[in-house]
Amino acid sequence: MVSRLMEKGIPCRKLEELGFKKYRCKVCGSVFWSKVPRETCGDAPCERYRFLDIGCRRLGYEESMKEFLQFFERNGHKVIDPRPVVARWREDLYLTIASIVLFQPHVTSGMVPPPANPLVVAQPCIRLEDIDNVGLTMGRHLTNFIMGGHHAFNYPDKWVYWIDETVDYAYRFFVEDLRVPEEEITFKESWWEGGGNAGPAFEVAIGGLEVATLVFMQYSVENGKYLEMPIKVVDTGYGIERIAWLASKGVTAFHVIYGDLVHHFFVKLGVDEPSEDILRAALVESYGVDSVEDLAEKVSRDLGVSSKEVASMLRRAVEVFSLLDLTKTIALMLSDGVVPSNSGEGYLARLVIRRALRKISALGSDVKLGELVDLQIEKWYHLFPRMGKMRSYILEVLDIEEEKFREIIKSLPQIAKKFLKKQPSLEDLVELYDSRGVPPDMLAEYLRKVHGIAIDVPKNFYSMVAARHARTPLAKKSEKARLPNEIVEWTKNFPPTRRLFHEDPYLREFRSKVLGVLGNYVVLDATAFYPEGGGQLGDTGEICYGSECVKVVDTQKVGDVVVHVVERPISIAPGAEIVGKVDWERRYRLMRHHTATHLLLGALRKVLGEHVWQAGAEKTPTKARLDVTHYKIPSVDELKSIEKLVNEMITKGIHVVTKELDRNEAEERYGFVIYQGGVPQTARIRIVEIPGWDVEACFGTHVKNTSELGGFHIVNVEKIADGVVRFEYVAGTALIDYVSELEQKLSDIATAVGSSKREVADKVRSMVGELRNANSLLKAYRDLIVREVTSKASYEARDYVSGTKIFVYKLPVKDYRLANMISRELTQKIPRLIAFVLAPHEKGCYVEISLGKEAASLVDARSIIKELAKRLPIKGGGKHDHVTAIAEVPMTEFVNVLEKALSTDLIKAS
RNA sequence: GGGCCGGUAGCUCAGCCUGGAAGAGCGCUCGGUUCGCACCCGAGAGGUCCCGGGUUCAAAUCCCGGCCGGUCCA
39 MVSRLMEKGI
49 PCRKLEELGF
59 KKYRCKVCGS
69 VFWSKVPRET
79 CGDAPCERYR
89 FLDIGCRRLG
99 YEESMKEFLQ
109 FFERNGHKVI
119 DPRPVVARWR
129 EDLYLTIASI
139 VLFQPHVTSG
149 MVPPPANPLV
159 VAQPCIRLED
169 IDNVGLTMGR
179 HLTNFIMGGH
189 HAFNYPDKWV
199 YWIDETVDYA
209 YRFFVEDLRV
219 PEEEITFKES
229 WWEGGGNAGP
239 AFEVAIGGLE
249 VATLVFMQYS
259 VENGKYLEMP
269 IKVVDTGYGI
279 ERIAWLASKG
289 VTAFHVIYGD
299 LVHHFFVKLG
309 VDEPSEDILR
319 AALVESYGVD
329 SVEDLAEKVS
339 RDLGVSSKEV
349 ASMLRRAVEV
359 FSLLDLTKTI
369 ALMLSDGVVP
379 SNSGEGYLAR
389 LVIRRALRKI
399 SALGSDVKLG
409 ELVDLQIEKW
419 YHLFPRMGKM
429 RSYILEVLDI
439 EEEKFREIIK
449 SLPQIAKKFL
459 KKQPSLEDLV
469 ELYDSRGVPP
479 DMLAEYLRKV
489 HGIAIDVPKN
499 FYSMVAARHA
509 RTPLAKKSEK
519 ARLPNEIVEW
529 TKNFPPTRRL
539 FHEDPYLREF
549 RSKVLGVLGN
559 YVVLDATAFY
569 PEGGGQLGDT
579 GEICYGSECV
589 KVVDTQKVGD
599 VVVHVVERPI
609 SIAPGAEIVG
619 KVDWERRYRL
629 MRHHTATHLL
639 LGALRKVLGE
649 HVWQAGAEKT
659 PTKARLDVTH
669 YKIPSVDELK
679 SIEKLVNEMI
689 TKGIHVVTKE
699 LDRNEAEERY
709 GFVIYQGGVP
719 QTARIRIVEI
729 PGWDVEACFG
739 THVKNTSELG
749 GFHIVNVEKI
759 ADGVVRFEYV
769 AGTALIDYVS
779 ELEQKLSDIA
789 TAVGSSKREV
799 ADKVRSMVGE
809 LRNANSLLKA
819 YRDLIVREVT
829 SKASYEARDY
839 VSGTKIFVYK
849 LPVKDYRLAN
859 MISRELTQKI
869 PRLIAFVLAP
879 HEKGCYVEIS
889 LGKEAASLVD
899 ARSIIKELAK
909 RLPIKGGGKH
919 DHVTAIAEVP
929 MTEFVNVLEK
939 ALSTDLIKAS
């Protein structure tokens, strides 16, 4: 399909006008355009790196970014602000991996207009797929980079620009603005796909370095089929780091991006900086190498020096380079409020942090990760002000993460013990990594250094781990089907329901017309019943028609249509008028809990920090709960001040503002915090604002004034996952209910322990003391009885066959533990003894048979049970000198049978 | 969201596979040794084996469910 779409190549008159011609690369075979005839496409690896030898304007890193933005601004593009590196506006993506991500899916689908058209943005992006190559390629691979993107959205009725103009901009930017000789530039024809869209693309390369990709997005990909998009999108990505590299002639991209910081890092980490010769050679050779050894060999061959020395120097330098990159990625992610955790984007943050910590420890340095990240914050906060604002959060979180890492290191000696004598199997290594986070190379190094033991770590270790996590297809988390499929289909026949509950959240009774009824599902033209959504439960109440009323047990929505679920199937003709009555007591509780949730979230962000982000919520009539991202359970003091803040907001009586805004306007005015509760897929967004406190995109019903909550109390706080804290709380009438329920419980306890509410705590304390006493008394009494019985046995035990002795003791209470103690002690003291200790049991009689050392050498206790089993129903077993059993006859009968058996042939010396 | 590992004395853990009186080291208390301390020696206290259910004569151990912690991967 793609090849057919690409068959004709990319039509571009502009390149022809500029005098470019098509060629085919001798190495990779792809088609490319060039001003002068050439053998290869100009991109590495087909062509060696030459870009440092190509003349052009001299620009630094930030200058290059500004130059890019200004060039497009001069050419009619509006510069828009970059967004966070965490893609909060998207449910299908954790990180911002490209500038086009800002506009998918709502702009590319046509639902929302772009904030400007055409526009240009310098968007910080994070991509983790090359994390293992960072450093080794001298800066071609990075986990964070700035993508310069100019975008045009072409609508059928409003065309902006397309291929020719896009190519022209690229040509003019590089040739006229940066003054790169035009014969050095190639445009390679290619195909791009991502985020459900696809289209042909030009890859722009200069001296072996790909500097930009120009994508002409025109297909949406559905089930492997390419469908023509109504909106054609120009999606370009200029690598700002690479452009700066070309323009500044830095020896590695790290020197270009980080400047002085490179030297600081080398010094802090105690690593020698390789000479420029070595780095330059490394850069040229870095394409296609997959290990430092490989690279070092090639470099030393080029320079004619010892490869061993080069290898150790390069290995350490590569780690420093990658730490430069990783620490900036960490600063970016954490400053956008990611909380490290074991799932979601939090895991990605932890992954990068762990990687960085491992590298620091591999270098043998004791520098704290926080120190390195702090250097990055200092360098970058003028570009990314959030880094400055979030600094204390970032450093605290890194401390915690570093501590967790140290715990893993601390466990090494313990783990290593197991492998002192035996080689760990691959299975051992995988399990250690998978379940305890111990990377095999760390274990290998420990064993080598401390115990001088070498172990094998297979080269393909990480792919073995991956195989263990056999990929399951990404099950799209669908909303729990609250309505049967046929009902969902049926609702598609109706127009959007008028939302009286939004027009007036206090409306309890209303008249409206029936649009349709199917069984016990009712659709009206307008309703005051709130349908479940945004964590607020659907309303209940009743619908009356004529003289008849039916209970509404639930309200749901499908798209814009509200569906009332009634108690029993009814039949009302479409067009009939009904009266709807909302269960107001319940609904008002829900409303107050909903507003309380917004108040709490605002307070949490104030007290705990702006990294606090809603991770889930539920409001019921009796209780509400809110899950947020946070890295530890809040302290008692923090909880107190959170509760106090919320109650102050209630006392102040703040007016709650609700309005509808265009999506772009809402985002621009309030930022992405409005998407705490989820991202609505609509062009217009309903905003609920508690001025100065909290703003959220929210569908729910809220009280007019915070004073209506009356009061607020947090009833429970728990960590439900690493990095997620759950708050449960009550407000309004639910608070009163909670208190009286609590009081009732207290009085129940007081009654049960025979005390007053006032003194119940003391009473319970003394009871626990008494229980402890009773237990130690019980122990003492048991010992006493054991002694008594033992001394009784010493003269009461009677002689039996082969020099053995017999003693039968009937314990009158169901204390099997004591029975055990007695039988053990008896045979311990009298080695020739065969002891029978009996105790009552529901089924009859509990039997414990124990043999002293000498007796056990003559008789097997298990055979005694076998013999008895021939004479009465008994089940049991144990070891040769001790068995336990249950006989299903009363104790007296058991004794009779036992005595009779003893006098015949129960026990035969073996 | 999925996989895996773990929860036993104040702490670090063994025991679990293969069911049969709850263990070790460190720490604590007391005593000995010592001018005193450390070391050493001896004795002792300290456990709802995470919770609930099941299987069994018998469960820390086997099975099921839950809770909590850790970790890897999306």
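Everything in the first sequence is counted per the working numbering, starting at 39 for the first residue and increasing by one.
Virtual Cβ for every residue (Gly too), placed ideally from N, Cα, C.
Check whether residue i and residue j have beta carbons under 7 Å apart
i, j, result
"SER286", "GLY98", "yes"
"LYS891", "THR828", "no"
"THR922", "SER888", "no"
"GLY80", "ALA243", "yes"
"THR578", "VAL596", "no"
"TYR471", "PRO462", "no"
"ILE525", "TYR568", "no"
"ARG392", "PRO378", "no"
"ASP949", "VAL755", "Because the chain is modelled from 39 through 948, residue 949 falls outside the range shown and cannot be assessed."
"GLY554", "PRO612", "yes"
Paired residues, beta bridge with residue i - DSSP
i, result
"ASP898", "ASP898 is not bridged to any residue."
"ILE844", "ARG836 and ILE872"
"PHE225", "TRP71 and VAL242"
"CYS582", "CYS587 and VAL617"
"LYS644", "According to DSSP, which records beta bridges pairwise, LYS644 is partnered with nothing at all."
"ASN498", "Answer is none; ASN498 lacks a bridge partner."
"ILE164", "ASN182"
"GLU220", "In DSSP, GLU220 forms no bridge with anything."
"TRP230", "GLY237"
"LEU562", "VAL552"
Per-residue burial, residue i [other beta carbons within 10 Å of its own, 16 or more giving buried]
i, result
"HIS918", "exposed"
"LEU361", "buried"
"ARG318", "buried"
"HIS420", "exposed"
"MET805", "exposed"
"GLU734", "buried"
"ASP837", "exposed"
"SER137", "buried"
"ILE432", "buried"
"LYS518", "In this prediction, LYS518 scores a pLDDT of 45, lower than 50, which makes its location untrustworthy; no coordinate-derived value is stated."
"VAL74", "exposed"
As assigned by DSSP and simplified to three states, the class of residue i
i, result
"LYS460", "coil"
"SER329", "coil"
"ILE963", "This structure leaves residue 963 out entirely; the chain is present only between 39 and 948."
"ARG549", "strand"
"PHE70", "strand"
"TYR257", "strand"
"LYS104", "helix"
"THR290", "coil"
"THR922", "strand"
"ALA759", "strand"
"PHE539", "helix"
"PHE750", "strand"
"ILE725", "strand"
"TYR854", "helix"
"VAL468", "helix"
"ARG388", "helix"
"SER778", "helix"
field: Any 3 or more C-beta pairs closer than 8 Å across the segment 196–204 and the segment 346–355
entry: no
- request: State whether the segment 432–448 contacts the segment 331–345, with contact taken as three or more CB pairs (one from each stretch) at a distance under 8 Å.
  value: no
field: Segment contact, 8 Å Cβ cut-off, at least three pairs: the segment 261–279 with the segment 234–251
entry: yes
message: Using a Cβ distance threshold of 8 Å, determine whether the segment 274–291 contacts the segment 176–189, with at least three qualifying pairs required.
response: yes
- prompt: Do three or more CB pairs link the segment 734–750 to the segment 624–633 at distances below 8 Å?
  reply: yes
message: Does the contact criterion of 3 or more C-beta pairs under 8 Å hold for the segment 657–677 versus the segment 397–406?
response: no
query: Touching or not, the segment 152–171 and the segment 98–111, by the rule of three or more beta carbon pairs under 8 Å?
result: yes
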